[in-house]
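Here the protein sequences come in this chain order: A and B. Those letters in the first sequence? Residues 1 to 372, by UniProt numbering. Those letters in the second sequence? Residues 1 to 372, by UniProt numbering. Beta carbons are placed, not taken as given, at the ideal position from N, Cα and C, and that holds for glycine. Working notes, structure below.
2 protein chains.
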Amino acid sequence: MASPLPVSPPAVHVALSEGRSYAVHFEPLATAPMHLREAGLSGPLALVVTDETVGPLHLGALADALRADGWTVEATAVPAGEGSKSLDQLSALHDWALGLGIDRQTPLLALGGGVVGDLAGFAAATLLRGIPLVHLPTTTISQVDSAIGGKTGINHATGKNLVGAFHQPRLVLADPATLDTLDERAFRSGLAEAVKHALISDPALADRLDREWDTLVARQPDVLAPLLRDAAAVKARVIEADEREAGERAFLNFGHTFGHALEKEAGYGTLTHGEAVALGMRAALHLSESLRLGQVAEALGPFAEADRLVARLDPPAPTLAIDALMAATEADKKRTAAGVRYVVLDAVGRPRLAADVDDALLRAAWRYALSA
Amino acid sequence: MASPLPVSPPAVHVALSEGRSYAVHFEPLATAPMHLREAGLSGPLALVVTDETVGPLHLGALADALRADGWTVEATAVPAGEGSKSLDQLSALHDWALGLGIDRQTPLLALGGGVVGDLAGFAAATLLRGIPLVHLPTTTISQVDSAIGGKTGINHATGKNLVGAFHQPRLVLADPATLDTLDERAFRSGLAEAVKHALISDPALADRLDREWDTLVARQPDVLAPLLRDAAAVKARVIEADEREAGERAFLNFGHTFGHALEKEAGYGTLTHGEAVALGMRAALHLSESLRLGQVAEALGPFAEADRLVARLDPPAPTLAIDALMAATEADKKRTAAGVRYVVLDAVGRPRLAADVDDALLRAAWRYALSA
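So, in structure tokens, the structure goes:
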């Protein structure tokens with residue numbers, strides 16, 4: 001276990017209109033009462049939704065800190081894993097919360113990774129037409145990505161995240177010490193979104209990730225926290241510019257159109273989301289080079305360094321049919337009437353959308369990613 | 001049947017931030033294709049959700065007009081009535097819409113009264129984290145009130161409208177001719193919200209409603225449409241000032257804290273919402289006078305004229321126990337930690353919130369409303 005951070009990095013501020021701005025703190029969970037007050041949230045009742053893995057690890061300390069500050073804490077744990085992003089679990093959370101006599105000021109705290117954040121966030125979005133939401137992300141991927149930006153939702157028989165809402169949190173408190181309890185695969189693959197943020201928007205951060213990779217994956221707190229914080233800041237800047245994914249926010253899907261197809265074809269749960277995104281970024285980098293050349297690229301060219309950074313995420317190489325992957329991307333939710341759009345780079349930090357991409361270039365990108 | 005309106009009243013504009021402004025038109029349903037284009041909505045696919053009463057009356061003409069303009073129309077009808085505001089119906093709409101291959105630009109048109117608007121609106125709010133919503137309200141109450149402002153939702157075992165979201169429409173098209181098919185009770189009691197809008201914000205509109213009442217309830221189009229339009233405009237101004245019900249929007253609850261208790265105690269479906277609100281406004285006017293005097297009022301004083309206007313709505317006088325009604329208001333969703341707040345008037349057009357209201361004044365208000 002790492003010792004507590006001597007100094008926390010400065011908070012990331014997400015500036016939105018109409019009083020909906022919020023802060024993302026990289027500090028210990030024990031600071032929750034202070035930050036709830038700063039965010040204007042008051043009790044006495046606070047709801048905590050967690051899962052059966054995270055609850056035993058972190059709920060006790062959180063609840064103790066809240067109770068010591070005068071909060072009445074009611075907590076519930078859903079089963080860990082993607083299966084909890086269901087209408088049944090959502091309905092169970094509605095029943096639970098409404099049975100506790102909440103009002104529109106009652107905050108709901110989501111303690112866990114992406115599944116808990118998405119599910120509990122959607123419950124907060126839909127209880128009394130929206131109650132205050134606080135994200136307490138406990139995974140790499142949720143700390144730098146999913147806890148920021150207001151996407152909430154559940155899965156549907158026809159695809160992931162197809163039912164949901166935008167509901168911005170009032171506060172995000174990411175405790176880097178909670179990452180100590182992640183297994184190696186979850187920790188490392190979760191860094192995929194941090195790498196993605198660097199590649200689409202911050203070449204200096206990409207250099208730092210590359211340079212400090214070994215201490216980062218050793219989870220050394222004084223290296224880990226500032227890097228996570230800066231990766232989260234990229235997400236915050238994109239959200240500020242395009243809250244509802246009408247434009248720039250689409251760049252956050254770098255690697256994701258490929259990645260979603262990989263997750264689906266490998267069978268959900270076979271690859272982690274981070275692993276699929278890592279492989280997807282390798283395909284997207286190859287496609288970027290092909291589009292730069294105007295023909296199928298033989299090598300990564302100016303994107304070779306970025307690709308080496310992605311390779312540090314160490315994704316597995318699944319054996320999948322390219323025909324099936326090509327078909328799966330056609331079903332991606334981000335498609336418009338204009339067809340599937342791929343996020344590619346003109347250079348590190350300079351993303352753009354490519355539509356009407358030639359199948360030959362896509363197939364070459366898939367071949368590269370699956371054999372790299 | 002009334003003949004088509006010679007001239008439609010000017011549209012009401014709802015000015016919101018971030019490109020979310022929209023227009024409320026009082027024009028024939030056949031103008032839908034033109035207004036969809038003006039609102040920037042494009043197809044080819046359009047979803048229409050209606051109910052089994054309204055569908056047979058108005059869906060054919062709407063679908064014909066849309067198809068003639070190049071739209072592909074997919075329609076579904078839910079059972080008429082409050083029972084359709086359920087998680088099961090919501091889930092069925094999700095399945096239906098996602099099975100049709102919608103994307104984030106596909107508009108969902110809600111053709112019907114408050115139930116269809118609330119249910120279909122919530123489906124639109126939660127499909128792909130929000131698809132464009134168009135309200136085509138066909139009842140008095142939805143044309144002047146519920147189609148405007150973005151409240152959507154379903155009922156829960158613990159109360160009405162406890163699960164939902166704010167999702168503003170992109171367009172509201174209210175065809176006054178559709179009101180011709182309402183029965184007398186639904187038409188007249190639905191005017192309660194128009195009377196409410198006048199009383200909280202527009203004394204001149206209150207005078208016009210009083211003066212033109214007979215031609216209004218005869219559904220004479222040249223009188224009906226401009227009055228509905230001006231009542232809708234009051235709602236629009238309140239929404240602009242306070243979209244999320246943090247302040248001024250609470251004034252729209254004039255008569256509703258009493259009204260919700262009446263609906264619940266009479267048994268949902270016994271009173272129409274408009275009838276309950278009408279009785280609730282009579283109680284609220286009595287309370288307003290008691291608070292003005294600082295003691296239980298013997299008569300309505302300066303609110304007598306307003307009360308005569310409310311009485312024109314002709315609500316029934318249910319036999320209910322005041323103790324039960326007092327208890328039911330305690331459970332109202334709008335309560336805060338500070339207790340139940342009642343909207344009262346200092347004068348017609350000058351509402352305010354009253355908290356910590358003495359039980360004796362409340363009981364007198366109930367007695368007045370139930371015996372008036």
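Just the chain A side, please: which residues come within less than 8 angstroms of S86/B by C-beta, in chain order?
For the purposes of this step, residue 86/B is taken as the residue at position 86 of the second sequence. Neighbours of S86/B on chain A: none; closest Cβ ~11 angstroms, over 8 angstroms.
My assumption, with CB atoms under 8 angstroms, is that T72/A sits in contact with L173/A. Please give the rounded CB distance.
On the first sequence, residue 72/A is found 72 positions in, with the first residue counted as 1. On the first sequence, residue 173/A is found 173 positions in, with the first residue counted as 1. Incorrect: roughly 19 angstroms between the Cβ atoms, too far for contact.
Distance cutoff 7 angstroms, beta carbons only. Does M1/A sit that close to anything in chain B?
Residue numbering aside, residue 1/A sits at position 1 when the first sequence is read from its first letter. Residue placement at M1/A is poorly supported in this model, since its pLDDT is 47, which falls under 50; the coordinates are not used for a value here.
Within its chain, find whatever has a CB closer than 6 angstroms to the CB of G190/A; leave out the 5 residues flanking it on each side and keep chain order.
Translated into the one-based positions of the first sequence, residue 190/A becomes position 190. Hits under 6 angstroms: T139, T140, I141, G274.
Under 8 angstroms: do the stretch 220-236 of chain B and the stretch 191-202 of chain B share three or more Cβ pairs, one atom per stretch?
yes
Determine the closest residue to Q295/B out of T152/B, D358/B, E184/B, V144/B, with distance taken between C-alpha atoms.
Here residue 295/B refers to the residue found at position 295 of the second sequence. Comparing Cα positions, the closest option is D358/B.
Could you tell me the boundaries of the beta strand (DSSP E) in which D222/A lies?
Taking the first residue of the first sequence as 1, we reach residue 222/A at position 222. For D222/A, there is no enclosing beta strand (DSSP E); the enclosing alpha helix (DSSP H) covers residues 221-241.
Could you check where the alpha helix (DSSP H) with R208/A kicks off and where it finishes?
Within the first sequence, numbered from 1, the residue matching residue 208/A stands at position 208. That run of the alpha helix (DSSP H) goes 203-211.
Would you mind sorting M1/A into buried or exposed? The rule is 16 or more other CB atoms within 10 Å of its CB.
For the purposes of this step, residue 1/A is taken as residue 1 along the first sequence, with counting starting at 1. A caution first: M1/A carries a pLDDT of 47, below 50, which makes its placement in the model too unreliable to give a value.
Using a Cβ-Cβ cutoff of less than 7 angstroms, which residues in the same chain neighbour K196/A once the five nearest sequence positions on both sides are dropped?
The sequence position of residue 196/A within the first sequence is 196, counting from 1. These residues qualify, in order along the chain: F254, G255, V277, M281.
Identify every run of the alpha helix (DSSP H) within the stretch 28-59 of chain B, keeping only runs that are complete inside it and at least 4 residues long; order them along the chain.
32-38
Within 10 angstroms of its Cβ, does H13/A collect 16 or more other Cβ (buried), or is it exposed?
The residue given as residue 13/A occupies position 13 in the first sequence. Its Cβ having fewer than 16 others within 10 Å, H13/A is exposed.
Helix, strand or coil for D307/A per DSSP?
Here residue 307/A is taken as the residue at index 307 of the first sequence, counted from 1. In this structure, D307/A counts as helix in the three-state DSSP scheme.
At least one CB of chain A closer than 7 angstroms to the CB of A165/B: is that the case?
Translated into the one-based positions of the second sequence, residue 165/B becomes position 165. Residue-level contact check: A165/B touches chain A, since one or more beta carbons of chain A fall below 7 angstroms from its beta carbon.
Quick one: what does DSSP say residue 373/B is sitting in, helix, strand or coil?
The requested residue 373/B is not part of the displayed model; chain B covers only 1 to 372.
Taking the straight line between their C-alpha atoms, what separation do you get for A299/B and H286/B?
As a first step, residue 299/B must be located in the second sequence, where it is residue number 299. As a first step, residue 286/B must be located in the second sequence, where it is residue number 286. If you take the alpha carbons of A299/B and H286/B, they lie about 8 angstroms apart.
Secondary structure at P351/A, three-state DSSP: helix, strand or coil?
By one-based count along the first sequence, residue 351/A stands at place 351. DSSP places P351/A in strand when its eight states are reduced to three.
Contact criterion: CB-CB distance below 7 angstroms. Does A354/B meet it with respect to chain A?
On the second sequence, residue 354/B is found 354 positions in, with the first residue counted as 1. Closer than 7 angstroms: no.
So, with DSSP's three-state summary, where would you put E18/B?
Start at 1 with the first residue of the second sequence, and residue 18/B comes out as number 18. Of the three classes helix, strand and coil, the one that applies to E18/B here is coil, per DSSP.
Which value, in whole angstroms, describes the spacing of the CA atoms of L320/A and A372/A?
The sequence position of residue 320/A within the first sequence is 320, counting from 1. The sequence position of residue 372/A within the first sequence is 372, counting from 1. Using only the alpha carbons, I get a separation of about 14 angstroms.
Kindly say whether H156/A, judged by its beta-carbon, lies nearer than 7 angstroms to any beta-carbon of chain B.
Along the first sequence, one-based indexing puts residue 156/A at 156. It does; some Cβ of chain B falls within 7 angstroms.
Taking L127/B as the query, report the chain A residues whose CB atoms sit under 8 angstroms from its CB, ordered along the chain.
Indexing the second sequence from 1 puts residue 127/B at position 127. Those within 8 angstroms of L127/B in chain A are L162, V163.
Measure the C-alpha to C-alpha separation of L262/A and T272/A and round it to an integer number of angstroms.
In the first sequence, counting from the first residue as 1, residue 262/A sits at position 262. In the first sequence, counting from the first residue as 1, residue 272/A sits at position 272. Each residue's Cα considered, the two are about 10 angstroms apart.
Any Cβ of chain B within less than 7 angstroms of the Cβ of P135/A?
Stepping through the first sequence from its first residue, residue 135/A is reached at position 135. A quick correction: the sequence has His, not Pro, at residue 135/A. No, H135/A does not count as interfacial toward chain B.
Provide the residue span of the alpha helix (DSSP H) that contains L262/A, from first to last.
As a first step, residue 262/A must be located in the first sequence, where it is residue number 262. Element bounds for L262/A: 256-266.
Output the distance between the C-alpha atoms of R237/B and G267/B, rounded to the nearest integer angstrom.
Counting from one through the second sequence, the residue named residue 237/B turns up at place 237. Counting from one through the second sequence, the residue named residue 267/B turns up at place 267. Looking at the two C-alpha atoms, the distance is approximately 33 angstroms.
Report back the beta-carbon spacing between A15/B and E184/B to the nearest angstrom; my notes put them in contact at under 8 angstroms.
Position 15 of the second sequence, counting from 1, holds the residue named residue 15/B. Position 184 of the second sequence, counting from 1, holds the residue named residue 184/B. Going by Cβ atoms, the distance from A15/B to E184/B rounds to 36 angstroms, so no, they are not a contact pair.
Given a cut-off of 7 angstroms on the beta-carbon distance, is the pair A147/B and G117/B in contact?
If you number the second sequence from 1, residue 147/B lands on position 147. If you number the second sequence from 1, residue 117/B lands on position 117. The answer is yes: Cβ separation under 7 angstroms.
Hey, would you say the C-beta of A68/A is under 6 angstroms away from at least one heavy atom of the ligand FAD?
Within the structure as shown, the ligand FAD is missing, as the structure has no ligands at all.
Can you pull the chain A neighbours of E18/B, defined as C-beta to C-beta under 9 angstroms?
Along the second sequence, one-based indexing puts residue 18/B at 18. Under the 9 angstroms cutoff, chain A gives S17, E18, E243, R244.
Whose Cβ in chain B lies nearer than 9 angstroms to the Cβ of H35/A?
The residue labelled residue 35/A in the question sits at position 35 within the first sequence. What H35/A touches in chain B: nothing, since even the nearest Cβ is about 21 angstroms away.
Looking at the secondary structure, which residues open and close the alpha helix (DSSP H) in which E74/B lies?
What you label residue 74/B is simply residue 74 of the second sequence in a count that begins at 1. E74/B -> not in any alpha helix (DSSP H); beta strand (DSSP E) instead, spanning 72-78.
Who are the neighbours of L98/B on chain A, taking C-beta pairs under 7 angstroms?
Position 98 of the second sequence, counting from 1, holds the residue named residue 98/B. Residues of chain A passing the Cβ test: H156, T158, L162.
Express the C-alpha separation of D175/A and L59/B in angstroms, rounding to a whole number.
What you label residue 59/B is simply residue 59 of the second sequence in a count that begins at 1. What you label residue 175/A is simply residue 175 of the first sequence in a count that begins at 1. Spanning the alpha carbons of L59/B and D175/A requires a straight line of approximately 54 angstroms.
If S8/B sits next to A225/B, beta carbons under 8 angstroms apart, how far is it from one beta carbon to the other, in whole angstroms?
Indexing the second sequence from 1 puts residue 8/B at position 8. Indexing the second sequence from 1 puts residue 225/B at position 225. That belief holds up - the Cβ atoms of S8/B and A225/B are roughly 7 angstroms apart, short of 8 angstroms.
Give the interface partners of G153/A over in chain B, defined as CB-CB distance under 7 angstroms, in chain order.
Indexing the first sequence from 1 puts residue 153/A at position 153. Those are R129, listed as they occur along chain B.
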